[in-house]
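Residue numbers (the numbering used here): 94 to 239.
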């Protein structure tokens with residue numbers, strides 16, 4: 094067991110499975126195909142993301158450094174939250190970028206989404222967590238790899 098503490102952007106408690114991207118996560122490229130086709134789950138469609146391409150991240154704990162890509166990134170996050178096919182949580186090793194923050198906050202406020210977001214977990218967090226690990230998230234920003 095290893096515990097990390099970050100800054101809470103959107104609070105909540107959750108225990109679930111990690112999906113890890115060691116590179117910037119392109120929200121538009123990753124979510125667009127599932128959202129446009131009105132799928133019941135999100136399968137990462139960004140062929141440039143070697144860590145998560147083809148992986149189902151619905152209701153998973155998405156662990157990443159930052160999001161990258163188009164300025165529509167926040168809207169895409171809000172859309173998948175509205176559809177109920179979003180990751181359960183976004184855990185950022187770095188400081189959250191403004192586009193991801195806008196989408197997560199809007200989904201939390203406008204759609205009453207249970208999405209959780211914590212940033213500033215540090216490089217060691219991303220170096221330690223692996224896809225498939227079970228994580229426990231607490232409302233105070235504590236993340237434990239079980």
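The beta carbon of each residue, even a glycine, is placed where N, CA and C say it ideally should be.
Keep in mind that this is a model prediction, so the values were computed, not measured.
Exercise. For the beta strand (DSSP E) holding residue 108, just list the boundary residues, first then last.
Key: 107–113
Quiz item: Using a threshold of 7 Å, is the CB atom of residue 197 nearer than that to any non-hydrogen atom of the ligand HEM?
Solution: In the structure on display, the ligand HEM does not appear, and there are no ligands present to speak of.
Quiz item: What residue range is occupied by the uninterrupted alpha helix (DSSP H) comprising residue 145?
Solution: Premise fails: residue 145 is in no alpha helix (DSSP H) and is neither H nor E.
Self-check item: Top-ranked residue by Cα proximity to residue 149, from 99, 204, 113 and 217
Solution: 113
Quiz item: If you run the structure through DSSP and keep just helix, strand and coil, what is residue 131?
Solution: coil
Quiz item: CA-CA distance, residue 96 and residue 115?
Solution: 19 Å
Quiz item: In angstroms, rounded to a whole number, what distance separates the CA positions of residue 105 and residue 206?
Solution: 11 Å
Quiz item: Going by other Cβ atoms of all chains shown within 10 Å of its Cβ, with 16 needed for buried, is residue 119 buried or exposed?
Solution: buried
Exercise. Would you kindly check if the distance between the Cβ of residue 230 and the Cβ of residue 194 is under 8 Å?
Key: no
Practice problem: Could you name the residues of the same chain whose beta carbon sits closer than 8 Å to that of residue 127, not counting the 5 residues immediately before and after it, in chain order? | Solution: 134, 135, 136, 138, 173 and 178
Quiz item: Three-state secondary structure (DSSP) at residue 104?
Solution: coil
Quiz item: Three-state secondary structure (DSSP) at residue 233?
Solution: coil
Quiz item: Using a Cβ-Cβ cut-off of 7 Å (strictly less than) and excluding sequence neighbours within five positions of residue 221, which residues of its own chain qualify?
Solution: 95 and 238
Quiz item: Can you tell which of 187, 131 and 108 has its C-alpha closest to the C-alpha of residue 157?
Solution: 187
Quiz prompt | Residue from 185, 171 and 165 with nearest C-alpha to residue 234 | solution = 185
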